[in-house]
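Start counting at 1 in the sequence shown, then tack on 4, and there's your number in my numbering.
Every residue, glycine too, gets a C-beta built ideally from N, C-alpha and C.
Quantities reported herein were computed from a predicted structural model and do not represent experimental measurements.
The structure under discussion appears below in the form of structure tokens.
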Amino acid sequence: MAQPTRKLTAIVAMDVVGYSRLMGDDESGTHARLKALRSQLIEPAVARHNGRLFKLVGDGVLVDFPSAVEALSAAIEIQQTATGAEKSALESHPLSLRIGLHLGDVLVDDEDLYGDGVNVAVRLEAAAPVGGILVSRSIYDAVARRLKASFEDAGRLSLKNIHQPVEAFTVKWKSSDWSTASSKAVEWTPAVPSAPTEPPVILSDKPSVAVLPFRNLSGDVEQDYFADGMVTEIITALSRFKSLLVISRNSSFTYRDSSIDISKVGRELGVRYVLEGSVRKSGERIRIAGQLIDCETGTHLWAERFDGSLDGVFELQDRVAASVACELVPQLRVAEIERAKRKPTDSLHAYDHYLRALANTYKWTKSAHEAALPMLYEAIRLDANFAAAYALAGMCYTLRKQSRWMTDVAAESAEAIRLSRRAIELASQDDPWSLTVAGFNLAYVAEELEVGADLIERGLILNQNFALGWHFSGWVKIYLGEPEVALEHLERSLRLSPRDPNVMQMKTAVAFASFFAGHYDDAMQLARKAVGEVPSFLPAWRMIAISGALSGQLDHAKAAASRVLELDPLARVTTLVPMLPLRRPQDRERYRDGLLRAGIPE
Numbered sequence: 005m006a007q008p009t010r011k012l013t014a015i016v017a018m019d020v021v022g023y024s025r026l027m028g029d030d031e032s033g034t035h036a037r038l039k040a041l042r043s044q045l046i047e048p049a050v051a052r053h054n055g056r057l058f059k060l061v062g063d064g065v066l067v068d069f070p071s072a073v074e075a076l077s078a079a080i081e082i083q084q085t086a087t088g089a090e091k092s093a094l095e096s097h098p099l100s101l102r103i104g105l106h107l108g109d110v111l112v113d114d115e116d117l118y119g120d121g122v123n124v125a126v127r128l129e130a131a132a133p134v135g136g137i138l139v140s141r142s143i144y145d146a147v148a149r150r151l152k153a154s155f156e157d158a159g160r161l162s163l164k165n166i167h168q169p170v171e172a173f174t175v176k177w178k179s180s181d182w183s184t185a186s187s188k189a190v191e192w193t194p195a196v197p198s199a200p201t202e203p204p205v206i207l208s209d210k211p212s213v214a215v216l217p218f219r220n221l222s223g224d225v226e227q228d229y230f231a232d233g234m235v236t237e238i239i240t241a242l243s244r245f246k247s248l249l250v251i252s253r254n255s256s257f258t259y260r261d262s263s264i265d266i267s268k269v270g271r272e273l274g275v276r277y278v279l280e281g282s283v284r285k286s287g288e289r290i291r292i293a294g295q296l297i298d299c300e301t302g303t304h305l306w307a308e309r310f311d312g313s314l315d316g317v318f319e320l321q322d323r324v325a326a327s328v329a330c331e332l333v334p335q336l337r338v339a340e341i342e343r344a345k346r347k348p349t350d351s352l353h354a355y356d357h358y359l360r361a362l363a364n365t366y367k368w369t370k371s372a373h374e375a376a377l378p379m380l381y382e383a384i385r386l387d388a389n390f391a392a393a394y395a396l397a398g399m400c401y402t403l404r405k406q407s408r409w410m411t412d413v414a415a416e417s418a419e420a421i422r423l424s425r426r427a428i429e430l431a432s433q434d435d436p437w438s439l440t441v442a443g444f445n446l447a448y449v450a451e452e453l454e455v456g457a458d459l460i461e462r463g464l465i466l467n468q469n470f471a472l473g474w475h476f477s478g479w480v481k482i483y484l485g486e487p488e489v490a491l492e493h494l495e496r497s498l499r500l501s502p503r504d505p506n507v508m509q510m511k512t513a514v515a516f517a518s519f520f521a522g523h524y525d526d527a528m529q530l531a532r533k534a535v536g537e538v539p540s541f542l543p544a545w546r547m548i549a550i551s552g553a554l555s556g557q558l559d560h561a562k563a564a565a566s567r568v569l570e571l572d573p574l575a576r577v578t579t580l581v582p583m584l585p586l587r588r589p590q591d592r593e594r595y596r597d598g599l600l601r602a603g604i605p606e
């Protein structure tokens, strides 16, 4: 007999409400309808969504699915079809279902599954509303925004024989968004078309490409930053081709050090093509090798090797980007290729310091940003006209202010403004990165909102694939009192970087926009997802506190406020409100009111 193993799976538990009473009223009729329910509705839906029915328990069934999206899709179809069909059955004897879902670790023994992963789903089913679906936080996190459904927070439930409270959500959906069926009593005819499986994110009709981290073949792990820098610059160059759609570095770099399934990458990032390759740096010589792959067919469309010297590194990057772009869009004009070329600095030593600093800024920690600043000042010393170095140094100070890391707020704010203004002076008319980053620095630190918005807009006109630019634009629109526009821009940022490791910041930005648009429940749900990603992320906890306070969910608000004060004991309303440069007085008052109601000291 095989030894038991373990696996992570989505468990669906479903049960007929009041089955014993129904059997007492009409034993043969109820039994016949239950058999029809299973054979004509439940089993076909499970099969369509790649599930496996592993246990029958009286009037209930247990099913496991390899995908949380498939599991909830099947559950919604079953519940909606069952509800619609039973309305035409005898009104005094309806078969109503409760359904519970949980994504968890289970023990596999032959064909059966055991463990808390199963038990939680069963207990959630018992707590689900009649005709409804109740899911755990793990299911919610896996499917939110991927299906046409909404979720209502059901709180933390104490379930029988489950040691820890389980955070649960009730699923809501529009009938028009899902397949329906009608039946007469036991004559089930669930004419449900093929299941809506987890769809790829379709970003646009343009050729779409993701550049994966290149392998460092230099034999020195200390050169990883250089290989990463090459990829970052190639992504930037590709992004400037208006005929292409290019996924953000932050999302493509989540595939570092992992076994790559190209078709899966294409589905997860919503792209048709992937560029992968390697970088070898030996002394003053560089070799970049790349191959372009069609995600749908696995076909290698193009493979090439580029050799050059360190002092020609920018030309090498441009050659790689232009070769890929011309393969994807053969009709590209020479003018567009020339426009995509850029040389950020003439000093290779300055560029090396800049790349090292850039690698630190992606870590988003206080120590990493403190380490980045001396590198950037050295880059500026080596090339006083290096616009991107000025902009990035300004961004380090901006993050220090946002995170309340500054030791001398006035002096550091003045330095952030000086660096950003200099970046703008030096930036050429086709340097979207420096314009956008410096623009956000001025908007946040100097509170020059219109100036910042204009600079960011100029940058986005030049590079419409700049996910961070759309993110910055969203924040500035929030500050200006345009939350609905902010939501559009932030959504675009999320589409361009669907696997961003800083997703907690992106979701929190959407939460703030939702809050100032008056959508308090949406704001709370998004902020809760953000702290699910990073439990210590303070801005998201503040949003849970204020959105809960203004939506009447004071228990959630006060719990979140306690967490804020635990993470930041010096948090006070008088210091938190000025951290957001909100233009509209009503927005400042709304933010202040939410903090006070939640219990943040004044």
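Mapping DSSP to helix, strand and coil, what is Arg592?
helix
Between Gly598 and Ile550, is the Cβ-Cβ spacing less than 7 Å?
yes
Exposure label - Asn123; buried when at least 16 CB within 10 Å:
buried
Give me the Cβ distance between Val213 and Leu279, rounded to the nearest whole Å; I'm assuming they're in contact under 8 Å.
6 Å
Taking contact to mean 3 or more Cβ pairs, one atom from each stretch, closer than 8 Å, check whether the stretch 393-411 and the stretch 359-377 are in contact.
yes
Leu26 burial status per 10 Å Cβ neighbour count (16 or more: buried):
buried
Beta bridge counterpart(s) of Ile103 as assigned by DSSP:
Met18 and Ile137
Spatial neighbours of Gly443 within its chain, please: C-beta separation below 6 Å, excluding the five flanking residues on both sides.
Gly456, Leu459 and Ile460
So, with DSSP's three-state summary, where would you put His35?
helix
For Val283, does the three-state DSSP call read helix, strand or coil?
strand
Would you call the stretch 167-180 and the stretch 151-158 touching, i.e. three or more CB-CB distances under 8 Å?
yes
Could you check what DSSP says for Ile3 in three-state terms: helix, strand or coil?
Here the chain comprises residues numbered 5 to 606, so residue 3 is not present and cannot be evaluated.
Under 8 Å by Cβ, that's how I've got Ile290 and Val324 pegged, so tell me the actual separation to the nearest angstrom.
About 11 Å; that fails the 8 Å criterion.
Anticipated Cβ contact below 8 Å, Cys608 with Val283, distance rounded:
Because the chain here runs from 5 to 606, residue 608 falls outside it and cannot be looked at.
Among Gln557, Ala544, Ile143 and Ser77, which has the Cα closest to the Cα of Asp572?
Ala544
Whole-angstrom Cβ separation of Glu606 and Arg567, contact assumed at under 8 Å?
The Cβ separation is near 19 Å, so there is no contact.
Please report the distance separating the alpha-carbon of Pro348 from that of Trp474.
22 Å
What residue ranges within the stretch 224-303 form continuous alpha helix (DSSP H) runs of no fewer than 4 residues, ordered along the chain?
228-243, 253-256 and 266-273
Local conformation of Arg219 per DSSP, three classes:
strand
CA-CA distance, Val489 and Leu453?
15 Å
Taking a contact to mean a Cβ-Cβ separation below 7 Å, would you say Asp525 touches Ser555 in this structure?
yes
Reference Leu359, options Val139, Thr579, Gln557 and Asp232, closest by Cα:
Asp232
Of the listed residues Gly302, Val139, Ala293 and Gln321, nearest to Glu237 (C-alpha basis)
Gln321
Is the stretch 505-512 close to the stretch 117-137, with three or more CB pairs under 8 Å?
no
Which residue's Cα is closest to the Cα of Val608: Asn54, Lys11 and Thr85?
A question about residue 608 goes unanswered here, because the residues of the chain that appear run from 5 up to 606.
Start and end of the beta strand (DSSP E) containing Asp68?
Gly64 to Phe69
Provide the residue(s) that pair with Glu156 in DSSP beta bridges, ordered along the chain.
Thr174
From Pro70 to Leu76, what distance separates their C-alpha atoms?
11 Å
Just list the residues that DSSP pairs Phe313 with in beta bridges.
First, the amino acid is wrong: residue 313 is Ser here, not Phe. According to DSSP, which records beta bridges pairwise, Ser313 is partnered with Arg289.
Could you spell out the range, first to last residue, of the beta strand (DSSP E) harbouring Asp458?
Premise fails: Asp458 lies in the alpha helix (DSSP H), Leu453 to Leu466, not in any beta strand (DSSP E).
Express the C-alpha separation of Val147 and Val73 in angstroms, rounding to a whole number.
6 Å
Could you give the DSSP three-state label for Ser424: helix, strand or coil?
helix
Can you tell me which residues form a DSSP beta bridge with Arg42?
Answer by DSSP bridge pairing: none, since Arg42 is not bridged.
What does Thr349 pair with, by DSSP beta-bridge criteria?
Partner(s): none; Thr349 has no beta bridge.
Leu386 and Ser351 - do their beta-carbons sit closer together than 7 Å?
yes
Compare the beta carbon distance of Pro436 and Gly463 with 7 Å and say whether it is the shorter of the two.
yes
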